[in-house]
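Peer 1: Provided herewith is a single structure, encoded as structure tokens, for subsequent inquiry.
2 protein chains.
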Amino acid sequence: MAEIDPWGEFKVGDYGHVFKEFGLKPFPKSVSERLSHHLFERGIVVAHRDFEKVAKCIESKKPFVNITGIASSGPYHLGHKADVDLFRFFKSKGAKNFFAVSDLDAFLSRPDSKIPDLATAKKWAVKNVADLLAFGLDEEDIYVQSNRKNKRYYEFAFELSKKITKNTFEAVYGHVDLGKVAANFLQYADILHPQLGEFAGPMPSITGIGLDQDPHARLTRDIAKRLPYKLEVPSFIYFMHQSGLQPGSKMSASHPETAVFMSDSPKDAEKKIKRAFSGGQPTIEEHRSKGGNLEIDLVFEMLKFHYPNTKELERIGKEFSSGKMLASELKQFAIDFFVPLLKGHQEKASENMKKAEKIVYG
Amino acid sequence: MAEIDPWGEFKVGDYGHVFKEFGLKPFPKSVSERLSHHLFERGIVVAHRDFEKVAKCIESKKPFVNITGIASSGPYHLGHKADVDLFRFFKSKGAKNFFAVSDLDAFLSRPDSKIPDLATAKKWAVKNVADLLAFGLDEEDIYVQSNRKNKRYYEFAFELSKKITKNTFEAVYGHVDLGKVAANFLQYADILHPQLGEFAGPMPSITGIGLDQDPHARLTRDIAKRLPYKLEVPSFIYFMHQSGLQPGSKMSASHPETAVFMSDSPKDAEKKIKRAFSGGQPTIEEHRSKGGNLEIDLVFEMLKFHYPNTKELERIGKEFSSGKMLASELKQFAIDFFVPLLKGHQEKASENMKKAEKIVYG
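Protein chains in written order, with the numbering used here: chain U, 1439 to 1800; chain L, 1439 to 1800.
Laid out in structure tokens, this is it:
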């Protein structure tokens, strides 16, 4: 019997053309192994552009920019935690850190029915920042788009607008909606401004995004070359989005049943995990004989994104696949891991609310 | 013989449709007279939208916002001085004053061949600010777009972008060039942000612009209504642009022979005035018999915009029209007025360079 690979295989699927036509490179296994972090080891980071430049910085202990942003359009869930874990990984490798809580973006690029005004985006920003602090980020790693202390950031967001033609913009995004155009100016600035002389200065930079955001990355790289500041073209790594708890879903704040939120009560979290789509067989007998289907099991996917002990998780994957472990036992394992994690997180987040308010409004 | 009206008549000309279709109102003579400032008395301010609201503030000594901007894309000339004189007039009436030196706009909306980078726009901004201080504005009346101390201004420029549809923008400006779109966001913010709670708060506001900019004013008024801040819809007055020194020209920094710059040497200024297009007759004899043509005389137009003593100027207009004063005498009168004015201005501007640098870069 062949060894089971619990990490499965990356399915290029819809993104095949991105690799072929636009020169996105699969993330090399040899590099993944050297980075020794579960998001790399488990094939969650699947592709890159120019990661070599950043790998070189890490190996030679030179500084590089670590820049990520999340729109403050709702509560954080475990899907966001993975983004933050990746960010924290690069932070641990000696990066200059810039975590953007994108409240202006959240307001500008979401419909009014979701984010009716900037004040709403800022309220979410406070909760999101408290979460980030609870995840272990420091105050100086985080900025809120609407409250960047050094206003060179804003000047730069306007300045770079001249380097994008309307036709390029329309080709990349399929529209020229002005609110979203403005949100994009800020996003380009988020990724590029750390390299300005007023911030960390020109150096390699890394941002983790989903594959679907590659056109955005390509445009940002293009803008970097057109500006008169000798910026390094920014590098990107591409990660798989964590699935939601039901088949075909993403974790989404608009559909609470699809996601485990960082603010979920132990009871709610337990209930959601128990109801999550399972790769177990319909009866215990069938499960014991056929084994569980790891590839479709969404509880196992949650663990794959978040459970840090790779050896232990491999053991569990094998036991479930072989039928030794039941779906209910796998779920209980997940509950025993996630519920205390959430409880601990919530305590820290709540302690950090005052600090978060200061970061957003202060 | 009918009385000669040296101020001529405002020629609606190309702008007739603006009055008819879009509800722009001719500036009422009765109000012009009450305001007792030469730009009003001499029919240079020709039209308005909602000026009543501001007139009421002036009469009842209530505060109102006085907001104007000039792009820092070149040296100031006498045409700019008229804008500043209008601004100073409202300042003298107890306004809250906001004079925007638009360096971001200058860079974003001009071709690279004219303003290749933001640094160039900032260099012009220093000279422009020194001129503004020499004109008698105070440091606290002036801000530079790239260096607004209260960053709520930038947040607001992004925030309002969501209130404009692409179709509206394209209908008004005929394009959706992204650099110019960004410049426009800033211009809307310039006019509206003084009314935010973080600045002067909601109150009537006045901005003087050229008739050609009315579509811009209408869009700004529309945005004001869509924002959740109970802003007063801003009022506008429309002034005639000062002609250049040659027929059919405007004063333009790109064509130095068309303009008297605030930085022109006495010799250059004298030469330009002497070469300016005259309404005098070809020979002295003809001039004495037919009289000069005030309507086409560009030296007299310069005086009309800038010479403060209305009685004296009326006398000169009559003498020139009747043939008693020769073209060369009119020019000498202008030289005797403008050359000392420029000299005095240049001394003050040069004294203010350090302060101007601080306002732009500090």
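Just so it is clear, CB atoms sit at the ideal spot from N, CA and C, and this is done for glycine as well.
When you compare the region 1732-1748 of chain U with the region 1708-1721 of chain U, are there three or more beta-carbon pairs, one atom per stretch, that lie closer than 8 Å?
Peer 2: As far as the Cβ criterion goes, the region 1732-1748 of chain U touches the region 1708-1721 of chain U, which means the pair count is three or higher.
Peer 1: Could you tell me whether the Cβ atoms of M1678/U and I1482/U are closer together than 7 Å?
Peer 2: For M1678/U and I1482/U, yes; Cβs fall inside 7 Å.
Peer 1: Mind pulling the beta strand (DSSP E) runs of 3 or more residues that sit fully within the region 1544-1629 of chain L?
Peer 2: Qualifying beta strand (DSSP E) stretches, in chain order: 1580-1582.
Peer 1: Can we say the region 1554-1571 of chain U touches the region 1627-1646 of chain U, given the rule of at least three CB pairs closer than 8 Å?
Peer 2: At 8 Å Cβ cutoff, the stretches do not touch.
Peer 1: Helix, strand or coil: which one does DSSP assign to F1775/L?
Peer 2: F1775/L: helix per DSSP, three-state reduction.
Peer 1: What is the DSSP secondary structure of T1658/U, reduced to helix, strand or coil?
Peer 2: Helix at T1658/U.
Peer 1: Please name the residue or residues paired with Y1676/L in a DSSP beta bridge.
Peer 2: Paired residue(s): A1485/L and I1647/L.
Peer 1: Which residues in chain L have a C-beta closer than 9 Å to the C-beta of S1551/U? List them in chain order.
Peer 2: Those within 9 Å of S1551/U in chain L number zero; the least Cβ separation is about 13 Å.
Peer 1: Tell me, which residues are paired with K1463/U by DSSP?
Peer 2: H1486/U.
Peer 1: Comparing alpha-carbon positions, which option in S1681/L, G1517/L, D1650/L and F1537/L lies nearest I1629/L?
Peer 2: The residue with the shortest Cα to Cα distance from I1629/L is F1537/L.
Peer 1: Suppose you measure from the CA of I1508/U to the CA of A1544/U; what does that come to, to the nearest Å?
Peer 2: Distance between the alpha carbons of I1508/U and A1544/U is about 9 Å.
Peer 1: Specify the secondary structure class of F1537/U as computed by DSSP and reduced to three states.
Peer 2: Strand.
Peer 1: Output the distance between the C-alpha atoms of F1699/L and P1513/L, rounded to the nearest integer angstrom.
Peer 2: Computed Cα separation, rounded: 7 Å.
Peer 1: Restricting to runs no shorter than 3 residues, where is the beta strand (DSSP E) found entirely within the region 1492-1536 of chain L?
Peer 2: Those beta strand (DSSP E) runs which fall completely within the region 1492-1536 of chain L and span 3+ residues are 1503-1509.
Peer 1: With K1756/U as the anchor, note down where its alpha helix (DSSP H) starts and where it stops.
Peer 2: Taken as a continuous stretch (DSSP letters only), the alpha helix (DSSP H) holding K1756/U covers T1748 to S1760.
Peer 1: Tell me, please, whether the CB atom of L1524/L is closer than 7 Å to any CB atom in chain U?
Peer 2: No, L1524/L does not count as interfacial toward chain U.
Peer 1: Report buried or exposed for Y1676/U, applying the criterion of at least 16 other Cβ atoms within 10 angstroms of its Cβ.
Peer 2: It is buried - the Cβ of Y1676/U has at least 16 other Cβ atoms within 10 Å.
Peer 1: Indicate whether at least one CB of chain U lies closer than 7 Å to the CB of I1629/L.
Peer 2: Closer than 7 Å: no.
Peer 1: Please say whether K1529/L and P1501/L have beta carbons closer to each other than 7 Å?
Peer 2: Going by C-beta atoms, P1501/L is not nearer than 7 Å to K1529/L.
Peer 1: Determine the extent of the alpha helix (DSSP H) in which I1734/L is found, giving its start and end residues.
Peer 2: Looking at the DSSP string, I1734/L is not in any alpha helix (DSSP H), and its letter there is neither H nor E.
Peer 1: Measuring straight from C-alpha to C-alpha, what distance separates V1522/L and T1603/U?
Peer 2: Distance between the alpha carbons of V1522/L and T1603/U: 35 Å.
Peer 1: At a Cβ threshold of 7 Å, is P1672/L touching chain U?
Peer 2: No, because no Cβ of chain U sits closer than 7 Å to the Cβ of P1672/L.
Peer 1: Cutting at 7 Å between CB atoms, please list the residues of its own chain near S1759/L, excluding the five before and the five after it.
Peer 2: Closer than 7 Å at the Cβ level, and outside the excluded window around S1759/L, lie I1442, G1729, G1730 and L1732.
Peer 1: Exposed or buried, H1455/U, counting other C-beta atoms within 10 Å across all chains shown (16 or more means buried)?
Peer 2: With fewer than 16 other Cβ atoms within 10 Å, it is exposed.
Peer 1: What did DSSP end up calling K1688/U once you bin it into helix, strand or coil?
Peer 2: Strand, per DSSP.
Peer 1: Is H1744/U helix, strand or coil by DSSP?
Peer 2: Helix at H1744/U.
Peer 1: Between which two residues does the alpha helix (DSSP H) carrying A1707/U extend?
Peer 2: First-last of the alpha helix (DSSP H) with A1707/U: P1704 to R1713.
Peer 1: Please tell me whether D1576/U and A1787/U are closer than 7 Å, where the distance is taken between their beta carbons.
Peer 2: Not a contact, by the Cβ cut-off of 7 Å.
Peer 1: What span of residues does the alpha helix (DSSP H) with R1726/L cover, start to end?
Peer 2: I1722 to K1728 is the span of the alpha helix (DSSP H), which, as asked, contains R1726/L.
Peer 1: Report buried or exposed for A1557/L, applying the criterion of at least 16 other Cβ atoms within 10 angstroms of its Cβ.
Peer 2: So A1557/L ends up on the exposed side.
Peer 1: Would you say I1442/L reaches chain U, if we count a Cβ-Cβ gap shorter than 7 Å as a contact?
Peer 2: Residue confidence for I1442/L is low, a pLDDT of 45 falling below 50, so the modelled location carries little weight; the figure read from the coordinates is stated next. So, not an interface residue.
Peer 1: Starting from E1795/U and walking both ways along the alpha helix (DSSP H), at which residues does that stretch end?
Peer 2: Here the alpha helix (DSSP H) through E1795/U covers M1791 to Y1799.
Peer 1: Can you tell me whether S1716/U is helix, strand or coil according to DSSP?
Peer 2: Three-state result, S1716/U: coil.
Peer 1: Whole-angstrom Cβ separation of P1464/L and V1492/L, contact assumed at under 8 Å?
Peer 2: Their Cβ separation, rounded to whole angstroms, is 16 Å, which puts P1464/L and V1492/L out of contact at 8 Å.
Peer 1: Does the region 1596-1614 of chain U come close enough to the region 1613-1626 of chain L to have 3 or more Cβ pairs within less than 8 Å?
Peer 2: As far as the Cβ criterion goes, the region 1596-1614 of chain U touches the region 1613-1626 of chain L, which means the pair count is three or higher.
Peer 1: If you draw a straight line from the alpha carbon of F1743/L to that of V1777/L, how long is it in whole angstroms?
Peer 2: Distance between the alpha carbons of F1743/L and V1777/L: 15 Å.
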